[in-house]
Amino acid sequence: MNIFRFAGDMTHLISILVLLLKIYATKTCSGISLKTQELYALVFVTRYLDLFTDFISVYNTVMKLVFIGSTLAIVWCMRLHRVVRRSYNRELDTFRHYFLVAGCFALALVLHEKFTFQEVFWAFSIYLEAVAILPQLVLLQRSGNVDNLTGQYIFFLGYLTFSVLILLSCSSQPTEMPFWAYRAFYILNWIYRYFTEQHFSRWIACISGLIQTALYADFFYYYFLSWKNNATLKLPA
Amino acid sequence: AHQDTGKDEL
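Protein chains in written order, with the working numbering: chain A, 5 to 241; chain B, 88 to 97.
Structure, rendered in structure tokens:
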């Protein structure tokens, strides 16, 4: 495991945990798309089917369980917690996410490494992760602000690394690290592995990862604007 | 095999 991948894993993990803790502590989930969170839960459950068949490392197993558990906990809070669920923007979160699920499954049936139960669901989870942010993007456009997304912003780990690596800025520093920062680490990790490992090949994951990162660029754009203007993050109405 | 294909990742 290289440092980029570990940094990516940690920032991803912390962004999920921070979101969960923030929802639970403030008892509100306003601005968060339940559909995106449900898609992420589906992504983790279908990708980690190998929990039952392959053992890679204790780290790997524990991280998989934590990813599944924390994402399911977010979904549970938003759907069933008697206080939290009242603040859910049901009327704005109308993206038809079933089409995404169906489309990704169809693609996985066609494009996969091997036609086995596990491999098809693995490919499905990769494709779905790439587009799972779309309901959240639509909800943001409709609600017109991203204040609540600060729930997904991270304060400590990776913040310095991220600032140095990505922004390379010394004039004015961002105060929080955004939830999508882990994408940058994963891309560095793939570049590193491509050059250091002889047989590293995961075109499906890399291309999907790039598409996912491109979709997140929308967030990056607004984040950059607010950083440049040194202002609160606001989307155009 | 897991190392080679990258399926050791999360």
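Beta carbons: idealized from backbone N, C-alpha and C, even for Gly.
Contacts that residue i makes with chain B (C-beta to C-beta distance below 8 angstroms)
i	result
N93/A	Going along chain B, no residue has its Cβ under 8 angstroms from N93/A, so there is no contact; the nearest lies around 29 angstroms.
Chain-ordered chain B contacts of residue i [CB-CB under 7 angstroms]
i	result
F71/A	L97
R206/A	T92, G93
K68/A	L97
The alpha helix (DSSP H) enclosing residue i, as first and last residue numbers
i	result
H116/A	From DSSP, H116/A is part of no alpha helix (DSSP H); its letter is neither H nor E.
M67/A	62–84
E59/A	The amino acid occupying residue 59/A in the given sequence is Phe; Glu does not appear at that position. From DSSP, F59/A is part of no alpha helix (DSSP H); its letter is neither H nor E.
T200/A	186–200
A136/A	Looking at the DSSP string, A136/A is not in any alpha helix (DSSP H), and its letter there is neither H nor E.
K26/A	7–30
K39/A	38–51
Item to complete: Name, going along the chain, the residues of the region 5–26 of chain A whose beta-carbon falls closer than 8 angstroms to a beta-carbon of chain B.
Response: R9, D13, H16
Worksheet item: With contact counted as at least three CB pairs below 8 angstroms, one residue from each stretch, are the region 140–149 of chain A and the region 71–83 of chain A in contact?
Response: The region 140–149 of chain A, when compared against the region 71–83 of chain A, does not touch it at the 8 angstroms Cβ threshold.
Worksheet item: For the region 186–220 of chain A, which residues have a CB atom closer than 9 angstroms to at least one CB atom of chain B, in sequence order?
Response: Y190, N193, W194, R197, E201, Q202, H203, F204, S205, R206, A209, C210
Practice prompt. Would you be able to state if there are at least three C-beta pairs under 8 angstroms between the region 91–111 of chain A and the region 183–197 of chain A?
Written response: no
Discussion item. Could you check whether the region 125–136 of chain A touches the region 36–50 of chain A, counting it as contact only if at least three pairs of C-beta atoms, one from each stretch, sit closer than 8 angstroms?
Written reply: yes
Worksheet item: Are the region 10–20 of chain A and the region 108–122 of chain A touching, with three or more C-beta to C-beta distances below 8 angstroms?
Response: no
Fill in: Touch test, the region 45–57 of chain A against the region 65–78 of chain A, Cβ-Cβ under 8 angstroms, three pairs minimum
yes
Worksheet item: If you pair each beta-carbon of the region 121–132 of chain A with each one of the region 16–31 of chain A, do three or more pairs fall below 8 angstroms?
Response: No, they do not touch.
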